[in-house]
Amino acid sequence: MTQRTRPTVAVGALGGTIAMTSADGTAVVPTLTGELLAEAVPGLETIADIRAETLAMLPSGSLDERTVLAALAWAKDAVDAGAAGVVLTQGTDTLEESAYLVDLFWDRPEPLVVTGAMRSPQSPSADGPANLIAAMRCAVAPESRDRGVLVAFDDEIHQARWVAKTDSMSTGAFRSPVFGPIGRCVESQVVYGVNGGGRPPALVAAGLAERLQQPLPRVPLVATHLGDRGDVLDLVAASHPDGVVVAGFGAGHVSAAMAEAVGRAAARMPVVFASRTGSGPTGRAMYGYPGSEMDLVARGAIAAGWLPPVKARLLLWSALCAGETDQLREEFTQRGAP
10 MTQRTRPTVA
20 VGALGGTIAM
30 TSADGTAVVP
40 TLTGELLAEA
50 VPGLETIADI
60 RAETLAMLPS
70 GSLDERTVLA
80 ALAWAKDAVD
90 AGAAGVVLTQ
100 GTDTLEESAY
110 LVDLFWDRPE
120 PLVVTGAMRS
130 PQSPSADGPA
140 NLIAAMRCAV
150 APESRDRGVL
160 VAFDDEIHQA
170 RWVAKTDSMS
180 TGAFRSPVFG
190 PIGRCVESQV
200 VYGVNGGGRP
210 PALVAAGLAE
220 RLQQPLPRVP
230 LVATHLGDRG
240 DVLDLVAASH
250 PDGVVVAGFG
260 AGHVSAAMAE
270 AVGRAAARMP
280 VVFASRTGSG
290 PTGRAMYGYP
300 GSEMDLVARG
310 AIAAGWLPPV
320 KARLLLWSAL
330 CAGETDQLRE
340 EFTQRGAP
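Going by our numbering, the sequence shown wraps up at 347, each residue one higher than the last.
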């Protein structure tokens, strides 16, 4: 009888709580390499042959676009060398952003799965091992192919485009508020409740490696608030960023005074507005008062659709990085839709 060959999965570690320990039993910091992280999880080696590597050793708040896109390049090299899938581990604070940034440029059919942990390995109820096993099973499942970048957490599988961290402490912190998870890990099996496909094509990454050696776009995120007169947006615009995203009320609304600031900024750079509510899209044609969605579009701003502010920012940043400045509105129309 021919012995069955296990698939190879590349595991890239970026740091985060899943890799944090403490020497004195108090506050934890990143210490575990990718190799040690993989070796510490019983049963992981029965799922796949693991090629683990440490890509960074950072808390997720210290990750940046350059580091995440370097991990993307590493992941592409891994599947080109024969890996059946890739797992990236990192801290949870920026996981929803890192996963979406990688998803925008991921043009391989092989699964790329991002995971992490809410509790450190030294915690009596550490969740990292279970999350890593779920991610590994997701990475080798044939049904995971052609689904883009996925997030495996608490035995649920989410699309990178819609997942969000919705709790600061719970092990069930990750949810897809609008459309829900697309699958689950049940009794060692990966089960999807929706068919694959329908994902927008990846952004063109030709020349991205060279682009990363140059100054990268600056795209700040400005949240509006009660009584906002646009002062902060004016200050931000005066610093000459490459674009800006405004997190607006409700379906993407702002005050009349803030709307004037949006118009001033939009005359100089791309301005995208998104909803700060955490669920639901920007409006299209419901309201017409100053500061409404129709008014902001008339002033030159771009609606983010269903994308929340942090992901609208990443799409704008990525499109600028890829040189797609003439198609920004079309990109948001396509990628901001379900």
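Here a beta-carbon is modelled for each residue, glycine too, at the ideal position from N, C-alpha and C. No experiment lies behind these values; they were computed from the predicted model shown.
Query raised in the report: If we count Cβ pairs, one from each stretch, closer than 8 Å, do we get three or more for the stretch 192-201 versus the stretch 159-168?
Result: yes
Query raised in the report: In whole angstroms, what is the alpha-carbon distance linking His249 and Leu316?
Result: 24 Å
Query raised in the report: Sorted by chain position, which residues of the same chain lie with C-beta nearer than 6 Å to Leu41's C-beta, five sequence neighbours on each side aside?
Result: Ala28
Report task. Starting from the C-beta of Val50, find all residues in its chain whose C-beta is less than 7 Å away, skip the five residues before and the five after it, and write them out in chain order. Result -> Pro138, Leu141 and Ile142
Query raised in the report: How far does the beta strand (DSSP E) with Thr175 in it reach, from first residue to last?
Result: Here Thr175 belongs to no beta strand (DSSP E), and DSSP marks it neither H nor E.
Query raised in the report: Among residues of its own chain, excluding the 5 on either side of Thr11, which ones have a beta-carbon nearer than 7 Å to its beta-carbon?
Result: Because the pLDDT of Thr11 is 47, which lies under 50, any placement of that residue in the model is unreliable, and the number read from its coordinates should be weighed accordingly. Counting only Cβ-Cβ distances below 7 Å, and skipping sequence neighbours, we find nothing.
Requested in this report: In angstroms with no decimal places, state the Cα-to-Cα distance between Gly91 and Leu110.
Outcome: 23 Å
Query raised in the report: Applying the criterion that 16 or more other CB atoms from any shown protein chain within 10 Å of the CB defines a buried residue, is Val308 buried or exposed?
Result: It should be noted that the sequence gives Arg, not Val, for residue 308. The residue in question, Arg308, is buried, as its Cβ has 16 or more Cβ neighbours within 10 Å.
Requested in this report: Give the straight-line distance between the Cα atoms of Ala79 and Gly21, rounded to the nearest whole angstrom.
Outcome: 11 Å
Report task. Rank Glu54, Ala126 and Val122 by C-alpha distance to the C-alpha of Ala84 and give the top, closest one. Result -> Val122
Query raised in the report: Between the stretch 288-297 and the stretch 324-336, do three or more beta carbon pairs fall short of 8 Å?
Result: no
Query raised in the report: Which residue from Ser264, Val231, Ala218 and Val187 puts its Cα closest to that of Gly297?
Result: Ser264
Query raised in the report: Quick one: any contact between the stretch 151-163 and the stretch 269-287, if contact means 3 or more CB pairs under 8 Å?
Result: no
Query - Which of helix, strand or coil DSSP assigns to Gly236 - result: coil
Report task. Check whether the Cβ atoms of Leu305 and Phe341 lie closer than 7 Å to each other. Result -> no
Requested in this report: Kindly list the residues whose CB is nearer than 8 Å to the CB of Gln336, restricted to its own chain and excluding five residues on each side of it in sequence; keep chain order.
Outcome: Ala328
Query - Glu105 versus Leu81: straight-line alpha-carbon distance, rounded - result: 15 Å
Query raised in the report: Exposed or buried, which one is Pro318 when buried takes at least 16 other CB atoms within 10 Å?
Result: buried
Query raised in the report: Taking 6 Å as the line, does the beta carbon of Phe341 fall inside it for any heavy atom of the ligand GTP?
Result: This structure does not include the ligand GTP; it has no bound ligands of any sort.
Query raised in the report: What's the C-alpha gap between Gly216 and Glu119?
Result: 22 Å
Requested in this report: Determine the DSSP secondary structure at Met348, reduced to helix, strand or coil.
Outcome: No statement about residue 348 is possible, as the shown extent of the chain runs from 10 to 347 and does not include it.
Report task. Please state whether DSSP places Met145 in a helix, a strand or coil. Result -> helix
Report task. Please go through the same chain and pick out, in chain order, the residues whose beta-carbon is closer than 6 Å to the beta-carbon of Leu46, but skip the five residues on each side of it. Result -> Ala22 and Ala28
Requested in this report: Using only alpha-carbon positions, find the residue among Ser301, Gln343, Arg15 and Val158 that is nearest to Ala321.
Outcome: Gln343
Query raised in the report: At what residues does the beta strand (DSSP E) containing Ala22 begin and finish?
Result: Thr17 to Gly24
Report task. Give me whichever residues DSSP pairs with Ser284 in a beta bridge. Result -> Gly257
Requested in this report: Answer yes if the stretch 152-161 comes into contact with the stretch 192-211, meaning at least three C-beta pairs across the two stretches below 8 Å, and no otherwise.
Outcome: yes
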